[in-house]
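Those protein sequences? They're chains A and B, same order as listed. Heads up: the first sequence begins at 4 in our numbering, then just goes up one per residue. Heads up: the second sequence begins at 4 in our numbering, then just goes up one per residue. Positions of the beta carbon are idealized from the N, C-alpha and C atoms, including for glycine. Owing to the predicted nature of the structure, the values given are computational and were not obtained by experimental measurement. Worksheet: the structure to be examined is printed underneath.
2 protein chains.
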Amino acid sequence: MTKVTAQMSLSLDGYYAGPQDSGDGGWMESAEAAGFFRITRWVTDAMAWRERLGFAGGEQDRNSEILAETFEAAGAYVMGRRMADGGEVPWGEEPPFRAPVFVVTHRPRETLVRKGGTSFTYVTEGVASAIEQARAAANGKNIAVAGGGNLLRQVLEAGLLDELEIHIAPVVLGAGMRLLDGGLDLGDFEAIELAPTRVVHTPRVTHIRYTVNGRAPLVLDDRGSGGGLTEAAISPAA
Amino acid sequence: MTKVTAQMSLSLDGYYAGPQDSGDGGWMESAEAAGFFRITRWVTDAMAWRERLGFAGGEQDRNSEILAETFEAAGAYVMGRRMADGGEVPWGEEPPFRAPVFVVTHRPRETLVRKGGTSFTYVTEGVASAIEQARAAANGKNIAVAGGGNLLRQVLEAGLLDELEIHIAPVVLGAGMRLLDGGLDLGDFEAIELAPTRVVHTPRVTHIRYTVNGRAPLVLDDRGSGGGLTEAAISPAA
Numbered sequence: 004m005t006k007v008t009a010q011m012s013l014s015l016d017g018y019y020a021g022p023q024d025s026g027d028g029g030w031m032e033s034a035e036a037a038g039f040f041r042i043t044r045w046v047t048d049a050m051a052w053r054e055r056l057g058f059a060g061g062e063q064d065r066n067s068e069i070l071a072e073t074f075e076a077a078g079a080y081v082m083g084r085r086m087a088d089g090g091e092v093p094w095g096e097e098p099p100f101r102a103p104v105f106v107v108t109h110r111p112r113e114t115l116v117r118k119g120g121t122s123f124t125y126v127t128e129g130v131a132s133a134i135e136q137a138r139a140a141a142n143g144k145n146i147a148v149a150g151g152g153n154l155l156r157q158v159l160e161a162g163l164l165d166e167l168e169i170h171i172a173p174v175v176l177g178a179g180m181r182l183l184d185g186g187l188d189l190g191d192f193e194a195i196e197l198a199p200t201r202v203v204h205t206p207r208v209t210h211i212r213y214t215v216n217g218r219a220p221l222v223l224d225d226r227g228s229g230g231g232l233t234e235a236a237i238s239p240a241a
Numbered sequence: 004m005t006k007v008t009a010q011m012s013l014s015l016d017g018y019y020a021g022p023q024d025s026g027d028g029g030w031m032e033s034a035e036a037a038g039f040f041r042i043t044r045w046v047t048d049a050m051a052w053r054e055r056l057g058f059a060g061g062e063q064d065r066n067s068e069i070l071a072e073t074f075e076a077a078g079a080y081v082m083g084r085r086m087a088d089g090g091e092v093p094w095g096e097e098p099p100f101r102a103p104v105f106v107v108t109h110r111p112r113e114t115l116v117r118k119g120g121t122s123f124t125y126v127t128e129g130v131a132s133a134i135e136q137a138r139a140a141a142n143g144k145n146i147a148v149a150g151g152g153n154l155l156r157q158v159l160e161a162g163l164l165d166e167l168e169i170h171i172a173p174v175v176l177g178a179g180m181r182l183l184d185g186g187l188d189l190g191d192f193e194a195i196e197l198a199p200t201r202v203v204h205t206p207r208v209t210h211i212r213y214t215v216n217g218r219a220p221l222v223l224d225d226r227g228s229g230g231g232l233t234e235a236a237i238s239p240a241a
């Protein structure tokens with residue numbers, strides 16, 4: 004069954020890149036890029052990723068397997084406009100997706116067909132429409148929300164995400180572009196509940212896969228019945 | 004050898020409590036508390052925690068073992084003033100620490116001796132001094148930074164933290180008090196590097212323990228040598 008999935012590499016403090024580049028200079032020299040490359044180092048070093056880009060070498064390890072598995076599971080992608088623009092030149096004639104990509108944008112544009120099975124279809128009717136178009140194209144495989152962060156938040160907020168995998172790089176950036184930084188339109192006593200279904204530990208990155216269970220109220224449960232247990236719960240864990 | 008350790012329960016979006024309570028009403032009814040209790044539910048349900056509070060029951064599982072291990076490893080605690088104030092009444096005559104606690108505060112106060120081995124010593128000379136006093140009291144065991152978030156950030160920023168364990172509750176709060184929310188005085192091209200040393204997966208919480216390796220520059224490495232590999236790294240993982 005087709006699931007809507009997303010995966011994102013994050014620093015321990017929740018950033019997927021350094022502070023957003025102003026666009027004035029070269030992106031490659033920006034703090035945004037420096038943070039991004041640190042967080043995704045496990046990706047760029049993985050054989051499964053390098054192979055998709057046509058580069059030799061790379062590490063053939065558990066991390067590479069996880070990337071390969073992620074690519075394999077995706078029958079179509081949904082992508083934000085900024086990511087699609089940023090990738091258009093560097094991804095080149097044969098982008099790594101090898102599947103239809105639906106780009107959520109306000110600017111109409113003809114579908115861009117690339118080699119190797121990748122195409123970019125520009126969807127101006129919003130994220131739900133992009134996901135529906137991706138569903139039709141996915142052939143029973145998953146719809147992967149490729150990013151960036153804005154799009155992923157929109158999909159999560161709209162209740163359209165079934166599965167989220169976070170790859171936590173062991174680094175604290177201190178500042179940057181954060182995946183989950185408010186803007187989810189949750190009430191004070193409301194949360195999005197998930198359930199971890201797989202955790203893979205490697206020295207370079209920790210992979211945690213979640214099923215997204217959706218919005219739920221934050222309520223105090225019966226822990227209060229223990230004679231003040233909830234008050235006493237102010238704990239070393241806090 | 005004595006290590007300076009810290010552990011904190013966080014939501015997937017990095018919060019340890021809901022939005023900070025204004026103090027106008029009852030803390031127990033606040034959004035801060037609602038978030039806090041959701042995130043620490045695995046703690047309050049654990050037998051090892053309930054036993055320290057004098058409550059019966061609780062779950063005797065891997066999570067409880069991890070809590071027991073954490074208590075056992077600590078020979079002394081360092082604590083922030085807000086947490087110490089908040090806990091003073093609910094922790095009662097026999098607080099759960101069973102070891103000397105050094106509270107970092109601006110307000111001098113006589114040491115408060117409680118039953119069961121817990122004492123609260125108020126340190127007005129700053130966090131480094133509190134850690135040194137805790138070291139002398141720890142008898143070769145670890146110094147545990149008990150929290151809250153402000154104190155933990157100070158210890159991390161000062162380069163005094165050896166080990167950090169994060170307990171990730173599978174919930175997105177959307178807003179709240181965030182542990183790692185800037186304020187670490189890191190440069191744009193600087194980060195704090197860590198190394199994950201243990202990951203424990205349970206359905207209710209994911210425990211990741213890190214050794215803190217300290218500040219390091221963010222530099223592009225030789226991945227650029229692959230004919231544009233770094234540029235091509237703008238990836239589905241981003």
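Subject >> Spatial neighbours of V203 of chain B in its chain, beta-carbon cut-off 7 angstroms, leaving aside the 5 residues before and after >> reply: R65, I69, H210
**OP:** Check the Cβ of L15 of chain B against every Cβ in chain A and list those closer than 8 angstroms, keeping chain order.
**Re:** Correct list: I169, L183, L197, Y213.
Original post:
Using the C-alpha atoms, what's the distance from T121 of chain B back to V1 of chain B?
Top reply: Because chain B here runs from 4 to 241, residue 1 of chain B falls outside it and cannot be looked at.
Subject >> Rounded Cβ spacing between E62 of chain B and D48 of chain B (contact assumed at less than 8 angstroms) >> reply: 5 angstroms
Original post:
Does the distance from the CB of P220 of chain B to the CB of E196 of chain B come in under 7 angstroms?
Top reply: No, they are not a contact pair.
**OP:** Could you tell me which chain B residues have their CB closer than 8 angstroms to the CB of P206 of chain A, listed as they occur along the chain?
**Re:** A198, P199
**OP:** Over the uninterrupted alpha helix (DSSP H) stretch that includes V46 of chain B, give me the two end residues.
**Re:** 44-47 is the extent of the alpha helix (DSSP H) around V46 of chain B.
Subject >> Cβ pair count under 8 angstroms reaching 3, the region 142-153 of chain A against the region 81-95 of chain A >> reply: yes
**OP:** Below 7 angstroms between beta carbons is the criterion; list the residues of the region 36-68 of chain A that meet it against any residue of chain B, in chain order.
**Re:** A37, G38, F39, F40, R41, T43, V46, T47, W52, L56, F58
Subject >> R117 of chain A versus E168 of chain B - alpha carbon distance >> reply: 45 angstroms
**OP:** Answer with yes or no whether the minimum CB distance from L223 of chain A to chain B is below 7 angstroms.
**Re:** Taking CB atoms only, L223 of chain A has a neighbour in chain B less than 7 angstroms away.
Subject >> 6 angstroms Cβ shell around A20 of chain B - same chain, five flanking residues per side excluded >> reply: E35, G38, F39, G179, M180
Original post:
Unbroken beta strand (DSSP E) runs of length 3 or more, entirely within the region 29-108 of chain B: which are they?
Top reply: 77-83, 103-107
**OP:** Go ahead and label M4 of chain B buried or exposed: buried means 16 or more other beta carbons lie within 10 angstroms of its beta carbon, across all protein chains shown.
**Re:** exposed
Subject >> Coil, strand or helix - R138 of chain A by DSSP >> reply: helix
Subject >> For G119 of chain B and G28 of chain B, the rounded distance between their alpha carbons >> reply: 32 angstroms
**OP:** Assign R112 of chain B to buried or exposed, taking buried as 16 or more other Cβ atoms, counted over all protein chains shown, within 10 Å of its Cβ.
**Re:** exposed
Original post:
Which residue or residues does DSSP assign as beta-bridge partners of G217 of chain A?
Top reply: A:E196
**OP:** Alpha carbon to alpha carbon, how far is A137 of chain A from A259 of chain A? Give it in angstroms, no decimals.
**Re:** With chain A running from 4 to 241 in the structure shown, residue 259 of chain A is simply not present.
**OP:** Below 7 angstroms between beta carbons is the criterion; list the residues of the region 111-136 of chain A that meet it against any residue of chain B, in chain order.
**Re:** The residues in question: there are none.
Subject >> Short CB-CB distance (under 7 angstroms) between D165 of chain A and chain B >> reply: No, D165 of chain A does not count as interfacial toward chain B.
Subject >> T233 of chain B, buried or exposed, once every other Cβ within 10 Å from all chains shown has been counted against 16 >> reply: Because T233 of chain B carries a pLDDT of 43, less than 50, the predicted location of this residue cannot be relied on, and the following value inherits that uncertainty. Label assigned to T233 of chain B: buried.
**OP:** Leaving out five residues on either side along the sequence, give the residues of the same chain with a beta carbon under 7 angstroms from the beta carbon of G230 of chain A.
**Re:** Reliability of the predicted coordinates at G230 of chain A is poor, the pLDDT of 39 falling under 50, and the value obtained from them is presented with this limitation in mind. Cβ within range, chain order: n/a, list empty.
Original post:
T209 of chain B CB to nearest chain A CB: under 7 angstroms?
Top reply: yes
Original post:
Can you tell me whether L154 of chain B is buried or exposed, with buried defined as 16 or more other CB within 10 angstroms of its CB?
Top reply: Looking at its Cβ environment, which holds 16 or more other Cβ atoms inside 10 Å, L154 of chain B is buried.
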